[in-house]
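Asker: First the structure, which I've put down as structure tokens, then a few questions once you've had a look.
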């Protein structure tokens, strides 16, 4: 559906008019990026979902409010000398929200479930380091072949294909969360509904009102229930960031997980230290449909990239809360300091216009035959302003751009399900601080996260070689060669790397900006 800009603005304004609910110290009203598409951890794929799932469920390991990895459902673990076998001991006081004990078999069930082809998990490839995981995911091995076992109710053994230096951090991710086997078997896909969902986190699902709020209540059976001072948390979708700021100012929200970048200076003047900026491992990019002419032509993709003024977007539109990106991987990743970049950092975008025009001319486009681009994005103020600005930059080359915009749930579902597009806004927040967590996105066959269906055998081969390399420096070199291919082919055009930006009410305590941008509710507290 294509909407005019005025229609979009009216829709955004309407979304800001959601009813407020009075709150005291008992209810934390938490602004969240978007309405979740699912609360099934094995079908989840967005940051907005991760924030909720982090309260509902607990993996073998988890995060505290400083972004540090801490014990979760497991209270200890050992690693074999060859780094291929991890043995976890589950804590004796782990309980589901219905009071039942959390046992190792639930993790075996969950890891098999996410890797079964019929689950259609978009993140399944993340777990391919587990022995026989890729074969199971392709339907070429039975679930019992997966390298995960529960020799007793408190012991879980995970066996890997190859050493995986980021495995412990991976085990904090929603793909590795347990689910309650009897509930899934009894309710099927409806196991995530209120009244059906049994979880093992510090909070349990109380209520779900689409496009309004998801309310969680403290799980009295959680081993740390006495330390979780907030009885209830309502996750409230805030795609209209300007409207969300107004609700925060009116005392209707206690925190916001994102802010309108073009208002940062005024927000900092207005709210002072309630505006909290922090580090992040994230990417803002444009996915290009490499299966569709003329966007299957590398010259077209290079031309689109060359004239984007990334510095203007990051500093002016986003108020310095972003940085210009010429690589897929951001700085700060473990053992990977200088990722290969695409062309364009040297000089100003205007200096590259002649080269961009030459590329378009070679591809058959010019004044008599302008390139027409349909630009898809999910509706937030920041995304809208960015799209308009990029379209203006492209217009200097005679490129005609039209917009298609929807809510985040619809946008990402359309891309994941193979829907048609030309160029689409994409974002990625690292699940662990390793370049593999960005580079795996563009592996051929990873259709759920690679909407343009980019495929390059040389690229795949380098990722495979890196997966088998134990030497840290040699592995980084292989991954750098792989990223250099991406920066030449540009199936995703990197635009900006992210910083976290939040509004935190003075009545909310315990929030600390951190690299992983995590703030589990159990570590926070509210004043009356």
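Residue numbers (our numbering): 806 to 1333.
Glycine included, C-beta positions come from ideal geometry on N, C-alpha and C.
Counting only runs of 4+ residues fully inside the segment 1223-1258, write out the alpha helix (DSSP H) ranges in chain order.
Answerer: Counting whole runs of 4 or more residues, the segment 1223-1258 contains the alpha helix (DSSP H) stretches 1241-1244.
Asker: Which word fits residue 831, buried or exposed, when buried means at least 16 other C-beta atoms lie within 10 angstroms of its C-beta?
Answerer: The residue labelled residue 831 in the question sits at position 26 within the chain shown. Answer is exposed; the Cβ neighbour count stays below 16.
Asker: Going by beta carbon distance, what residues of the same chain come within less than 8 Å of residue 1202, once the five residues before and after it are set aside?
Answerer: For this step, residue 1202 is matched to residue 397 along the chain shown. Within the same chain, residue 1202 has close Cβ partners 1108, 1112, 1158, 1161, 1162, 1165 and 1176.
Asker: Between residue 840 and residue 1040, what straight-line distance do the alpha-carbon atoms span, to the nearest angstrom?
Answerer: As a working note, residue 840 is residue 35 in the chain shown. As a working note, residue 1040 is residue 235 in the chain shown. Using only the alpha carbons, I get a separation of about 9 Å.
Asker: For residue 1306, I'd like the list of residues in its chain whose CB is within less than 6 Å of its CB, leaving aside the five on either flank, ordered along the chain.
Answerer: Counting from one through the chain shown, the residue named residue 1306 turns up at place 501. Contacts found: 1064, 1082 and 1126.
Asker: Suppose you measure from the CA of residue 960 to the CA of residue 1053; what does that come to, to the nearest Å?
Answerer: Residue 960 sits at position 155 when you count from the first residue of the chain shown. Residue 1053 sits at position 248 when you count from the first residue of the chain shown. The straight-line gap from Cα to Cα measures roughly 45 Å.
Asker: Look at residue 1244 and residue 1272 and say whether their C-beta atoms are less than 8 Å apart.
Answerer: As a working note, residue 1244 is residue 439 in the chain shown. As a working note, residue 1272 is residue 467 in the chain shown. No, the pair does not count as a contact, with Cβ atoms beyond the cut-off.
Asker: Is the beta carbon of residue 1035 closer than 8 Å to that of residue 1331?
Answerer: Your numbering for residue 1331 matches position 526 in the chain shown. Your numbering for residue 1035 matches position 230 in the chain shown. Going by C-beta atoms, residue 1331 is nearer than 8 Å to residue 1035.
Asker: Assuming residue 907 is part of the beta strand (DSSP E), what are its boundary residues?
Answerer: Taking the first residue of the chain shown as position 1, residue 907 is located at position 102. Here residue 907 belongs to no beta strand (DSSP E), and DSSP marks it neither H nor E.
Asker: Between the C-alpha atoms of residue 1181 and residue 1027, what's the straight-line distance to the nearest angstrom?
Answerer: Counting from 1 along the chain shown, the entry for residue 1181 is found at position 376. Counting from 1 along the chain shown, the entry for residue 1027 is found at position 222. In a straight line, the C-alpha of residue 1181 is about 42 Å away from that of residue 1027.
Asker: Classify residue 1310: buried if its beta carbon has 16 or more other beta carbons within 10 angstroms, exposed otherwise.
Answerer: The count along the chain shown starts at 1 and reaches residue 1310 at position 505. Burial call: buried.
Asker: Locate the alpha helix (DSSP H) running through residue 1110, then write down its first and last residues.
Answerer: Against the chain shown, residue 1110 aligns to sequence position 305. Per DSSP, residue 1110 belongs to the alpha helix (DSSP H) from 1103-1111.
Asker: Please identify the residue among 867, 1074, 1013 and 1006 whose C-alpha is closest to the C-alpha of residue 881.
Answerer: Mapped onto the chain shown, residue 881 falls at position 76. Here the closest residue by C-alpha is 867.
Asker: Quick check on residue 1027: does DSSP put it in helix, strand or coil?
Answerer: Locating residue 1027 in the chain shown gives position 222, counting from the first residue. Of the three classes helix, strand and coil, the one that applies to residue 1027 here is coil, per DSSP.
Asker: Note down the Cα distance separating residue 1010 from residue 1001, rounded to an integer number of angstroms.
Answerer: Mapped onto the chain shown, residue 1010 falls at position 205. Mapped onto the chain shown, residue 1001 falls at position 196. Rounded to whole angstroms, residue 1010 to residue 1001 spans 9 Å at the Cα level.
Asker: May I have the straight-line CA-CA distance separating residue 835 from residue 1122, to the nearest angstrom?
Answerer: Start at 1 with the first residue of the chain shown, and residue 835 comes out as number 30. Start at 1 with the first residue of the chain shown, and residue 1122 comes out as number 317. The straight-line gap from Cα to Cα measures roughly 25 Å.
Asker: Using three-state DSSP, classify residue 1016 as helix, strand or coil.
Answerer: Start at 1 with the first residue of the chain shown, and residue 1016 comes out as number 211. Residue 1016: coil per DSSP, three-state reduction.
Asker: From residue 800 to residue 1033, what distance separates their C-alpha atoms?
Answerer: The question about residue 800 has no answer, for the chain in this structure spans 806 to 1333.
Asker: Using the DSSP secondary-structure output, state which residues sit across from residue 882 in a beta bridge.
Answerer: Counting from 1 along the chain shown, the entry for residue 882 is found at position 77. DSSP lists 893 as partners of residue 882.
Asker: Determine the closest residue to residue 931 out of 1303, 1315 and 1251, with distance taken between C-alpha atoms.
Answerer: Taking the first residue of the chain shown as position 1, residue 931 is located at position 126. For residue 931, the nearest C-alpha among the options comes from 1251.
Asker: Evaluate the contact criterion for the segment 1219-1231 versus the segment 958-975: three or more CB pairs, one atom per stretch, below 8 Å.
Answerer: The segment 1219-1231 is not in contact with the segment 958-975.
Asker: Quick check on the burial criterion: 16 or more other C-beta atoms within 10 angstroms. Buried or exposed for residue 883?
Answerer: If you number the chain shown from 1, residue 883 lands on position 78. Result: exposed.
Asker: Between residue 972 and residue 846, which are expected to be in contact by the criterion C-beta below 8 Å, what is the C-beta distance as a whole number of angstroms?
Answerer: If you number the chain shown from 1, residue 972 lands on position 167. If you number the chain shown from 1, residue 846 lands on position 41. 18 Å between Cβ atoms; not a contact.
Asker: My guess is that residue 1008 and residue 1326 are in contact by the Cβ rule of under 8 Å, so how many angstroms apart are they, rounded?
Answerer: Here the question's residue 1008 lines up with position 203 in the chain shown. Here the question's residue 1326 lines up with position 521 in the chain shown. Right, the Cβ-Cβ distance comes to about 6 Å (below 8 Å), so this counts as a contact.
Asker: Take every Cβ of the segment 1083-1097, pair it with every Cβ of the segment 1142-1156, and state whether three or more of those distances are shorter than 8 Å.
Answerer: Verdict: no, contact absent.
Asker: Could you tell me the distance, in whole angstroms, from the CA atom of residue 936 to the CA atom of residue 925?
Answerer: By one-based count along the chain shown, residue 936 stands at place 131. By one-based count along the chain shown, residue 925 stands at place 120. About 19 Å.
Asker: Check residue 1327 in the structure and name its three-state DSSP category.
Answerer: If you number the chain shown from 1, residue 1327 lands on position 522. Looking at residue 1327 - three-state DSSP - the assignment turns out to be helix.
Asker: Between residue 852 and residue 1217, what straight-line distance do the alpha-carbon atoms span, to the nearest angstrom?
Answerer: Start at 1 with the first residue of the chain shown, and residue 852 comes out as number 47. Start at 1 with the first residue of the chain shown, and residue 1217 comes out as number 412. Whole-angstrom Cα-Cα distance: 12 Å.
Asker: According to DSSP, simplified to helix, strand and coil, what is residue 876?
Answerer: One-based indexing of the chain shown puts residue 876 at position 71. In the structure shown, residue 876 sits in a strand (DSSP, three-state: E or B).
Asker: By the three-class DSSP mapping on this structure, what secondary structure does residue 1177 have?
Answerer: As a first step, residue 1177 is located in the chain shown; it is residue number 372 there, counting from the start. Three-state result, residue 1177: strand.
Asker: Between which residues of its own chain and residue 977 is the CB-CB distance below 7 Å, once the five residues before and five after are set aside?
Answerer: Along the chain shown, read from residue 1 onward, the residue named residue 977 stands at position 172. Excluding sequence neighbours, residue 977 sits near 864, 866, 867, 868 and 874.
Asker: Go to residue 1301, then tell me how far its beta strand (DSSP E) extends in each direction, as first and last residue.
Answerer: Here residue 1301 refers to the residue found at position 496 when the chain shown is read from its first residue. 1297-1303 is the span of the beta strand (DSSP E), which, as asked, contains residue 1301.
Asker: Only counting the same chain, and skipping five residues up and downstream in sequence, which positions put a Cβ closer than 8 Å to that of residue 1197?
Answerer: As a working note, residue 1197 is residue 392 in the chain shown. Contacts found: none.
Asker: With a cut-off of 8 Å on the beta carbons, I'd call residue 878 and residue 899 a contact; round off their distance for me.
Answerer: Sequence index remark: in the chain shown, residue 878 carries index 73 (1-based). Sequence index remark: in the chain shown, residue 899 carries index 94 (1-based). Confirmed, about 5 Å.
Asker: Should residue 1014 be labelled buried (16 or more other beta-carbon atoms within 10 Å of its own) or exposed?
Answerer: Within the chain shown, residue 1014 is the residue found at index 209, counting from 1. So residue 1014 counts as exposed.
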